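In this note's numbering, the protein residues as written are 1 to 164. Here's the structure, in structure tokens; my notes come after.
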Amino acid sequence: MNTRFKEVRKYLHLTQKEVGEEINISESAVSKIEKGTGSPSRQTVTMFCSAYNVNEEWLRTGEGDMFCEPASDELSALCARYKLDALEAAVLKAYLELGEPDRAVMRRFIDGIVENATADASSSDDAPSLDISAEVESYRRQLEAQKKAAEKSSICDLTAEKEA
């Protein structure tokens, strides 16, 4: 298995460090696996195969194709395209499997995180703080005042016409 592990890494043009980071083991652990002086845990093999779409049977025995059939589902394609690790893929999958109400809750949560990060970034730059909600509310009041004035004006015009 050690030579096949290395073969995959070389085929994908990855360093031992990159593989280790992806599957949560040290660079030296990857080196030991490839040299045959260490053997990977079941979890390490599973994460390696999942991360790089490697056929586990091939990795363990040398039988079959090096890679699994290309993933046909969109989630797997996204994970491969953006090089998501196993945790990131699980988070994305869990989010996508949520119902719409739960997704809305998650979006509000994430919006809060982004808002706080943006506020932190602008305050650290000594930039003036923008209160968008207050600006929107002010604009809304202006529009309502204009609308009321327009309605009042047209009522006055109608009253003047009736009197004439």
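Idealized CB from N, CA, C, for every residue including glycine. Every value quoted in this text rests on a predicted model; they were computed, and no experiment measured them.
Burial state of residue i, where buried means 16 or more other Cβ atoms lie within 10 Å
i	result
G20	buried
P40	buried
M47	buried
Y82	exposed
I23	buried
V114	exposed
A127	With a pLDDT of 47 at A127, under the threshold of 50, the modelled position of this residue cannot be trusted; read the value that follows with caution. Exposed, because fewer than 16 other Cβ atoms sit within 10 Å of the Cβ of A127.
S42	Reading off the sequence, residue 42 comes out as Arg, not Ser. Result: exposed.
Contact belief for residue i with residue j at Cβ below 8 angstroms, rounded distance in angstroms
i	j	result
F5	E34	6 angstroms
A89	N53	Wrong, their Cβ atoms sit about 12 angstroms apart, outside the cutoff.
Which residues DSSP lists as bridging residue i, in chain order
i	result
V54	F67
Residue nearest to residue i in terms of C-alpha spacing, selected from the options
i	options	result
S50	D85, S31, I25 and G64	D85
Q16	I25, V30 and A90	V30
N55	Q146, S138, L14 and M1	M1
Residue i to residue j span [Cα, whole Å]
i	j	result
E135	A150	23 angstroms
A121	I132	16 angstroms
T37	M106	45 angstroms
E57	T3	14 angstroms
R141	K148	10 angstroms
D111	G62	48 angstroms
E100	S76	22 angstroms
E7	A94	32 angstroms
R60	A117	45 angstroms
T44	A119	40 angstroms
V91	E144	44 angstroms
R108	I25	34 angstroms
L14	E27	12 angstroms
E74	Y11	24 angstroms
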